[in-house]
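In this note's numbering, the protein residues as written are 23 to 404. C-beta: ideal position from N, C-alpha, C; glycine also. All values reported here derive from a predicted model rather than from experimental measurement. Take a look at the structure set out below.
Written out as structure tokens, the structure reads:
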């Protein structure tokens, strides 16, 4: 979709061309895949390739299928070898199966080779199955850069039965990643007068409310209707918001902090867990730099929610209890690089301020001011 004004042209990549969702969705997707190509290359992690055999083999038995492992990260070495594998197989469609990094890899390979792509998420951990964006990491898992893709996936298959096989931790992380949409979009675009951006920001608020209201019950009843609603929120609705709002409704400080942490975290924590912690850092910055009682109230609300469902609240929860001052500074410096989304905040952030916020995400709050702020938190934020 393109929106033209008198002096500029904007292009939005809003949604996959087709979404198939439901329990057992994989068993009925063969025709939809075959319309895109007859020589698919399936990209996934080693464990996922083994897991997916029983689901996909009957569906793809009439096609000439090849498989390849993307490794641990969407990194340059992996991308190079997978492009070669796709060309050797004469692949005419790429199928990505797995979590965010597997899907980002598949989308980027398809983009580079100008092939259609199918995304099959195996957990509710991110909205990567939806978006026209891929994050590229080093071979050690450190975030390097992202790539805006020419379009969203051609087909997204959301099979609730497959998602239910994932560890519960992945859906909890997805809740942390998705709820960041509100805290970041409301800061970067909350005062916009553009129709689509207003719509995206309000959808981010709705997404936040759905997750506040339904997450705990969903986690207690995997496979239930309410669990499916939360999966739809983390995988689909979170993607809708980025699609309609574009770059202006994506990331701010929470994801910038995530990017910095990937340079010191190894694989002790997953994407949405770092992002969830990053939201607390962003709110803490708003408290410290702007004196925002609204941010203090929001942080208190999130800390209670995080305790209820098991999201990380401080560095030690991310496996960084013994972090050194040098490591903390490294993560903060990367989060503050000139092209970082942290600069979407309506104030400048100094290195020392960010480091202080990162170690004080659970700091006590002035309860007198908090009582005033928390009553009107939604009204003021809207």
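Practice task
Along the beta strand (DSSP E) that carries residue 169, what are the first and last residues, could you check?
Solution key: Judged by DSSP secondary structure, residue 169 falls within the beta strand (DSSP E) whose first and last residues are 165-170.
Exercise for the section: Drop a sphere of 10 angstroms on the beta-carbon of residue 53, count the other beta-carbons inside from all chains shown, and report buried for 16 or more, exposed for fewer. Expected result: It counts as exposed.
Handout entry: Host beta strand (DSSP E) of residue 92 (start-end)
Key = No beta strand (DSSP E) holds residue 92; DSSP gives it neither H nor E.
Problem - For residue 210 and residue 272, the rounded distance between their alpha carbons - result: Each residue's Cα considered, the two are about 8 Å apart.
Problem - Cβ-Cβ separation, residue 340 to residue 296 (assumed contact under 8 Å), whole Å - result: The Cβ separation is near 7 Å, so the contact holds.
Problem - C-beta contact flag for residue 223 and residue 240 at 8 Å - result: No.
Handout entry: Meets three-Cβ-pair contact criterion under 8 Å: the stretch 33-42 and the stretch 171-184
Key = Short answer: they touch.
Handout entry: C-alpha gap between residue 106 and residue 50, whole angstroms
Key = Approximately 30 Å between the Cα atoms of the pair.
Problem - Beta-carbon contacts of residue 369 that lie in its chain and below 7 Å, excluding the five residues immediately before and after - result: Around residue 369: 311, 312.
Problem - Limits of the alpha helix (DSSP H) - the one that residue 107 falls within - result: Counting along the chain, the alpha helix (DSSP H) containing residue 107 begins and ends at 98-111.
Problem - Residue from 183, 84, 66, 180 whose Cα sits closest to the Cα of residue 93 - result: Of the candidates 183, 84, 66, 180, 66 places its Cα closest to the Cα of residue 93.
Practice task
Within its chain, find whatever has a CB closer than 6 Å to the CB of residue 276; leave out the 5 residues flanking it on each side and keep chain order.
Solution key: Only 202, 206, 297, 300, 301, 304 meet the Cβ criterion.
Exercise for the section: Give the secondary structure of residue 281 by DSSP, where H, G and I count as helix, E and B as strand, and everything else as coil. Expected result: DSSP, reduced to helix, strand and coil, places residue 281 within a helical segment of the structure shown.
Exercise for the section: Could you work out which residue in 98, 100, 96, 61 is closest to residue 83 when comparing CA atoms only? Expected result: Ranked by Cα distance from residue 83, the first of 98, 100, 96, 61 is 61.
Handout entry: Rounded straight-line distance, which links the Cα of residue 168 to that of residue 336
Key = Distance between the alpha carbons of residue 336 and residue 168 is about 26 Å.
Exercise for the section: Identify whether residue 62 lies in helix, strand or coil by the three-state DSSP scheme. Expected result: In the three-state scheme derived from DSSP, where H, G and I count as helix and E and B as strand, residue 62 is classed as strand.
Practice task
Please list, in chain order, all residues of the same chain as residue 208 whose beta carbon is under 8 Å from its beta carbon, the five residues on each side excluded.
Solution key: Excluding residues within five positions, the ones whose Cβ falls inside 8 Å are 223, 226, 227, 403.
Exercise for the section: Report yes if the CB atom of residue 137 is closer than 8 Å to the CB atom of residue 115, and no otherwise. Expected result: Taking 8 Å as the Cβ cut-off, residue 137 and residue 115 qualify as a contacting pair.
Handout entry: the stretch 370-382 in contact with the stretch 309-329 per 3-pair CB rule at 8 Å
Key = In short, these stretches touch, since the Cβ pair count reaches three.
Problem - Nearest residue (CA-CA) to residue 69, options 287, 327, 124 - result: The option with the nearest alpha carbon to residue 69 is 124.
Handout entry: Check whether residue 200 and residue 256 have beta carbons under 8 Å apart
Key = For residue 200 and residue 256, yes; Cβs fall inside 8 Å.
Practice task
Kindly list the residues whose CB is nearer than 7 Å to the CB of residue 43, restricted to its own chain and excluding five residues on each side of it in sequence; keep chain order.
Solution key: 180, listed in sequence order.
Practice task
Check each candidate in 338, 263, 321 and name the one with the smallest Cα separation from residue 34.
Solution key: Among 338, 263, 321, the Cα nearest to that of residue 34 is on 263.
Practice task
Kindly indicate which three-state DSSP category residue 44 falls into: helix, strand or coil?
Solution key: Residue 44 falls in the strand class under three-state DSSP.
Handout entry: Residues near residue 281 by beta carbon distance below 7 Å, same chain, minus five either side
Key = Excluding residues within five positions, the ones whose Cβ falls inside 7 Å are 165, 356, 357.
Exercise for the section: Return the chain-ordered list of same chain residues with a C-beta closer than 6 Å to the C-beta of residue 244, the five sequence neighbours on each side being excluded. Expected result: Excluding sequence neighbours, residue 244 sits near 186.
Problem - Between the CA atoms of residue 97 and residue 87 - distance to the nearest angstrom - result: Straight-line Cα distance between these residues: approximately 24 Å.
Exercise for the section: Could you tell me the distance, in whole angstroms, from the CA atom of residue 385 to the CA atom of residue 324? Expected result: Using only the alpha carbons, I get a separation of about 13 Å.
Problem - Spatial neighbours of residue 330 in its chain, beta-carbon cut-off 7 Å, leaving aside the 5 residues before and after - result: Excluding positions up to five away in sequence, the list reads 238.
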